[in-house]
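**Student:**
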Amino acid sequence: MQREIVVVRHAKTESVSRAGDDFSRTLTSVGERDGEAIGKFLKEQGIKPDLMLVSSAKRTRRTAKILATALDITPEHIKYEDKLYLATDSAIETEVMTVPNNIATLVVVGHNPGITDFVNGISKDFVLGHLPTCGVVAAKFEADTWADFPAAVKNITLIKFPKHE
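Per my numbering: the sequence shown ends with 940, consecutive numbering throughout.
1. Could you tell me the distance, in whole angstroms, from the CA atom of T873 to the CA atom of A922?
2. Counting along the chain, where does the beta strand (DSSP E) carrying L933 start and finish?
3. Have a look at the DSSP bridge pairing and note the partners of Q777.
4. Between Y855 and G910, what straight-line distance do the alpha-carbon atoms span, to the nearest angstrom?
5. Whole angstroms are fine: how far does the CA of A794 sit from the CA of K935?
6. Out of curiosity, what's the CA-to-CA distance linking D857 and D900?
7. Let me know the secondary structure DSSP gives E856 once reduced to three states.
8. Which word fits P875, buried or exposed, when buried means at least 16 other C-beta atoms lie within 10 angstroms of its C-beta?
9. So, helix, strand or coil for R808, using DSSP?
10. Under a Cβ-count criterion, where at least 16 other Cβ atoms within 10 Å of its own Cβ denotes burial, should M776 be classed as buried or exposed?
11. Which residues in the same chain as Q820 place their Cβ atom closer than 7 Å to its Cβ, once the five residues preceding and following it in sequence are excluded?
12. How should E940 be labelled, buried or exposed, when 16 other C-beta atoms within 10 angstroms of its C-beta is the threshold for buried?
13. Which residues does DSSP list as the beta-bridge partners of R784?
14. Between the alpha carbons of K833 and K938, how many angstroms are there, rounded?
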């Protein structure tokens, strides 16, 4: 079965949350605009996610909601996962491997540095120094199950960063 993974770093955030903790940081107005622009771009590219797997932090939740609106994704197709908050690349991969096999297109929304490390592990032919806020990398691959994700040969199909970065 052909599968697609779309990896997104959360949009630009305030440097310090009003609540004083990292988990509660919110998007800036630039982040809101970037999220809308990236959502529109993904829709124009024909991305139709079956599931969004999202860190439970406030900034990733908001980024996911902006993208979901642009991509016509209903709330039941968004899964917020505490394990993705500041996750390492291997923790992200572990979560991807547990995705139900009826899902063809998956969007993952997370944080640096893990999300950049995860993107760099998608294909041995692709290396990215830094995935900027609201940056997107997508890949397609053939696999019977999501558990086969690590061994599957993946082809990068899309790279997009907000224009200001």
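Glycine included, each C-beta is placed from N, C-alpha and C at the ideal position.
**Tutor:** Let's see:
1. Taking the first residue of the sequence shown as 1, we reach residue 873 at position 98. Taking the first residue of the sequence shown as 1, we reach residue 922 at position 147. Roughly 6 Å separates the two Cα atoms.
2. For this step, residue 933 is matched to residue 158 along the sequence shown. L933 -> beta strand (DSSP E) spans 929 to 935.
3. Position 2 of the sequence shown holds residue 777. According to DSSP, residue pairing for Q777 in a beta bridge involves E917.
4. In the sequence shown, the residue the question calls residue 855 occupies position 80. In the sequence shown, the residue the question calls residue 910 occupies position 135. About 19 Å.
5. Counted from its first residue, the sequence shown places residue 935 at position 160. Counted from its first residue, the sequence shown places residue 794 at position 19. The alpha-carbon separation between K935 and A794 amounts to approximately 32 Å.
6. Here residue 857 is taken as the residue at index 82 of the sequence shown, counted from 1. Here residue 900 is taken as the residue at index 125 of the sequence shown, counted from 1. Approximately 31 Å, taken between the alpha carbons.
7. Within the sequence shown, the letter at position 81 stands for residue 856. Here E856 sits in strand by DSSP.
8. Here residue 875 refers to the residue found at position 100 when the sequence shown is read from its first residue. The residue in question, P875, is exposed, as its Cβ has fewer than 16 Cβ neighbours within 10 Å.
9. Position 33 of the sequence shown, counted from the first residue, corresponds to residue 808. R808: helix per DSSP, three-state reduction.
10. Counting from 1 along the sequence shown, the entry for residue 776 is found at position 1. Classification of M776: exposed, given that the 10 Å Cβ count is below 16.
11. Counting from one through the sequence shown, the residue named residue 820 turns up at place 45. Cβ within range, chain order: L933.
12. By 1-based counting over the sequence shown, the position of residue 940 is 165. At E940, the pLDDT of 45 sits below 50, so the modelled position is not reliable and the matter cannot be decided from this model.
13. The residue you call residue 784 lines up with position 9 of the sequence shown. DSSP lists G885 as partners of R784.
14. Residue numbering aside, residue 833 sits at position 58 when the sequence shown is read from its first letter. Residue numbering aside, residue 938 sits at position 163 when the sequence shown is read from its first letter. Whole-angstrom Cα-Cα distance: 24 Å.
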